[in-house]
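Quick notes on the structure that follows.
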Amino acid sequence: MSQDSTVVCVVCGGPAGEPVYASDRECSITSLCEVVPSPTVVRFCQACGHVQTTEMPGIEAYYDTQYKILIESEEEDQLYAMSNGQKVYRLDHQARTLLRKLTPSAAARILDYGSAKGGTLKRLLAERGDLRVHLFDVSAMYLPFWKAFLDEGRWATYRPPAAWRGTFDIITSFFSLEHVARPREMMAEIASLLKPGGTFYGIVPNTFTNIADFVVIDHVNHFSAASLAFLLRASGFGNIDIDEHAHTSAFVVTATAAVQQGTVAGIPRSEIARLGSEVERIAAYWRNFSSCVREFEDGRTGRPAAIYGSGFYGTFIASCLSRPLDIRCFVDQNPFRQGRRLLDRPIIAPEALPEEIGTVYVGLNPVLARAEIAKVACWSGRRLDHFLP
Ligand SMILES: [Zn+2]
Numbered sequence: 001m002s003q004d005s006t007v008v009c010v011v012c013g014g015p016a017g018e019p020v021y022a023s024d025r026e027c028s029i030t031s032l033c034e035v036v037p038s039p040t041v042v043r044f045c046q047a048c049g050h051v052q053t054t055e056m057p058g059i060e061a062y063y064d065t066q067y068k069i070l071i072e073s074e075e076e077d078q079l080y081a082m083s084n085g086q087k088v089y090r091l092d093h094q095a096r097t098l099l100r101k102l103t104p105s106a107a108a109r110i111l112d113y114g115s116a117k118g119g120t121l122k123r124l125l126a127e128r129g130d131l132r133v134h135l136f137d138v139s140a141m142y143l144p145f146w147k148a149f150l151d152e153g154r155w156a157t158y159r160p161p162a163a164w165r166g167t168f169d170i171i172t173s174f175f176s177l178e179h180v181a182r183p184r185e186m187m188a189e190i191a192s193l194l195k196p197g198g199t200f201y202g203i204v205p206n207t208f209t210n211i212a213d214f215v216v217i218d219h220v221n222h223f224s225a226a227s228l229a230f231l232l233r234a235s236g237f238g239n240i241d242i243d244e245h246a247h248t249s250a251f252v253v254t255a256t257a258a259v260q261q262g263t264v265a266g267i268p269r270s271e272i273a274r275l276g277s278e279v280e281r282i283a284a285y286w287r288n289f290s291s292c293v294r295e296f297e298d299g300r301t302g303r304p305a306a307i308y309g310s311g312f313y314g315t316f317i318a319s320c321l322s323r324p325l326d327i328r329c330f331v332d333q334n335p336f337r338q339g340r341r342l343l344d345r346p347i348i349a350p351e352a353l354p355e356e357i358g359t360v361y362v363g364l365n366p367v368l369a370r371a372e373i374a375k376v377a378c379w380s381g382r383r384l385d386h387f388l389p
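Quick note: the sequence shown uses this note's numbering, first residue 1, plus one each step.
Right, dumping it as structure tokens:
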């Protein structure tokens with residue numbers, strides 16, 4: 001475990017503190033479910049309540065050329081929820097939530113900062129064709145997607161052009177702030193691109209309600225509501241609203257730019273203490289996780305097994321097993337995942353689960369796992385042992 005006490009908190013600039021968690025193996029899982037040969041080291045800042053992971057080596061090149069989120073096709077999307085038997089996709093939900101929380105003026109200039117394919121604003125345009133949508137990312141690999149629905153001049157890569165300064169009514173950021181090693185720089189740039197009084201609208205994971213976020217190695221930032229508010233105030237934003245309910249396991253934040261910048265008030269000690277004990281609970285969960293998986297594995301019958309969920313939890317479980325070859329397949333409800341492979345195993349629909357499978361490791365958020373697995377109607381008559389996280 002690193003004892004480097006000179007590590008600085010990327011939100012408040014104070015000492016980041018000693019690690020509260022360090023993975024017991026020299027391998028970690030990225031948000032795109034890749035296994036990388038670096039340990040995960042997490043710290044908790046006692047001054048602003050921020051939780052931060054040591055930056056993965058080579059992070060800039062990673063986002064430029066390797067971080068290919070949902071780049072297989074135009075329509076590809078992540079499953080957000082099952083609602084009354086209907087699949088709800090993440091980008092649709094994000095576009096709907098934005099329109100519920102903001103009322104963009106007619107022909108408003110809007111920029112998605114760190115847009116990847118720009119899918120959320122594309123859906124927004126379908127509802128509000130008057131909006132002047134712009135996209136920005138630190139990679140050129142999404143250009144083919146951007147060109148398919150925007151005119152030349154409506155996007156930029158690597159650096160936003162100087163002519164964009166002070167011109168946007170709204171700047172959005174959907175799940176990008178957690179990846180950046182210098183969030184103060186990113187928010188300062190966003191502030192400079194907004195018109196005075198313009199709106200920042202962002203979504204970041206809530207590690208306290210989706211604890212997998214805690215061990216995702218490329219998520220440098222695990223914001224608490226306190227550290228998110230601190231970051232925004234320190235970057236000159238006001239009218240800060242942080243909504244913990246509009247998007248499952250995430251904070252949805254709205255804030256106004258170019259408010260007079262004063263001193264940023266500290267976080268009350270009682271709030272730091274509360275966050276600190278929450279962080280310790282999550283760290284303990286992950287310290288225990290691998291041994292729980294292996295204990296279950298040792299006690300089960302010899303029948304082949306499957307992992308339900310081909311996302312982060314599923315990959316993490318697979319990486320903990322002593323006998324990974326017992327896993328025949330991953331199961332996923334998302335049709336965009338079915339037919340692909342993960343860790344050299346097929347990803348299949350629940351209906352296609354082979355008869356020989358006797359054990360299912362449930363690789364879902366532990367808060368939802370029991371309820372979600374009970375909803376798999378096609379398995380109701382089958383005798384399956386479940387590992388629940
Ligand atoms: Zn801090």
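Note that beta-carbon positions come from the ideal geometry of N, C-alpha and C, so glycine has one too.
At a cut-off of 7 Å, would you count residue 376 as near ligand 1, judging by its Cβ distance to the nearest heavy atom?
No - ligand 1 has no heavy atom lying nearer than 7 Å to the Cβ of residue 376.
On the premise that residue 30 lies in contact with residue 456, defined as a C-beta separation below 8 Å, what is that separation, rounded to the nearest angstrom?
Residue 456 lies beyond the stretch modelled for the chain, which goes from 1 to 389, so this question has no answer here.
So, residue 109 versus residue 169, is the Cβ gap smaller than 8 Å?
It is a contact, given that the beta carbons lie within the stated cut-off.
Between which two residues does the beta strand (DSSP E) containing residue 46 stretch?
Premise fails: residue 46 is in no beta strand (DSSP E) and is neither H nor E.
Please report how far the alpha carbon of residue 281 lies from the alpha carbon of residue 274, in whole angstroms.
About 11 Å.
Does the beta-carbon of residue 222, which I'm using as the reference point, lie nearer than 7 Å to any heavy atom of ligand 1?
Between ligand 1 and residue 222, a heavy atom-to-CB distance of less than 7 Å is absent.
Best match in 297, 301, 210 and 355 for proximity to residue 321 [C-alpha to C-alpha]
Nearest of 297, 301, 210 and 355 to residue 321, Cα basis: 297.
For residue 172, name the three-state secondary structure that DSSP assigns.
It is a strand residue.
Using a 10 Å radius around the Cβ and a threshold of 16 neighbouring Cβ atoms, would you call residue 147 buried or exposed?
Looking at its Cβ environment, which holds fewer than 16 other Cβ atoms inside 10 Å, residue 147 is exposed.
Through-space distance from residue 192 to residue 385, alpha-carbon basis
Whole-angstrom Cα-Cα distance: 55 Å.
On a CA-only basis, which of 48, 269, 286 and 205 is nearest residue 40? Give me that one, please.
Residue 286 is the option with its Cα nearest to residue 40.
Quick check: the stretch 198-212 against the stretch 245-254, are at least 3 beta-carbon pairs closer than 8 Å?
Short answer: they touch.
Sort 49, 95 and 317 by Cα distance to residue 28 and report the nearest one.
The shortest C-alpha separation from residue 28 is found at 317.
List the endpoints of the continuous alpha helix (DSSP H) containing residue 109.
Taken as a continuous stretch (DSSP letters only), residue 109 belongs to no alpha helix (DSSP H), being part of the beta strand (DSSP E) at 109-113.
Please report the distance separating the alpha-carbon of residue 220 from that of residue 301.
Near 39 Å, if we compare the C-alpha coordinates of residue 301 and residue 220.
Can residue 9 and residue 78 be called in contact, C-beta distance under 8 Å?
Against a cut-off of 8 Å, the Cβ pair of residue 78 and residue 9 comes out as no contact.
Is the number of C-beta pairs between the stretch 174-181 and the stretch 235-244 that are closer than 8 Å three or more?
As far as the Cβ criterion goes, the stretch 174-181 does not touch the stretch 235-244, which means the pair count is below three.
How is residue 247 classed by DSSP in three states: helix, strand or coil?
Coil.
Answer with buried or exposed for residue 389, where buried requires no fewer than 16 other C-beta atoms within 10 angstroms of its C-beta.
So residue 389 counts as buried.
Buried or exposed: residue 137, going by 16 or more other Cβ atoms within 10 Å of its Cβ?
So residue 137 ends up on the buried side.
Could you tell me which residues DSSP pairs with residue 87 in its beta bridges?
Answer by DSSP bridge pairing, in chain order: 82.
Please list the terminal residues of the continuous beta strand (DSSP E) segment that includes residue 195.
First-last of the beta strand (DSSP E) with residue 195: 194-205.
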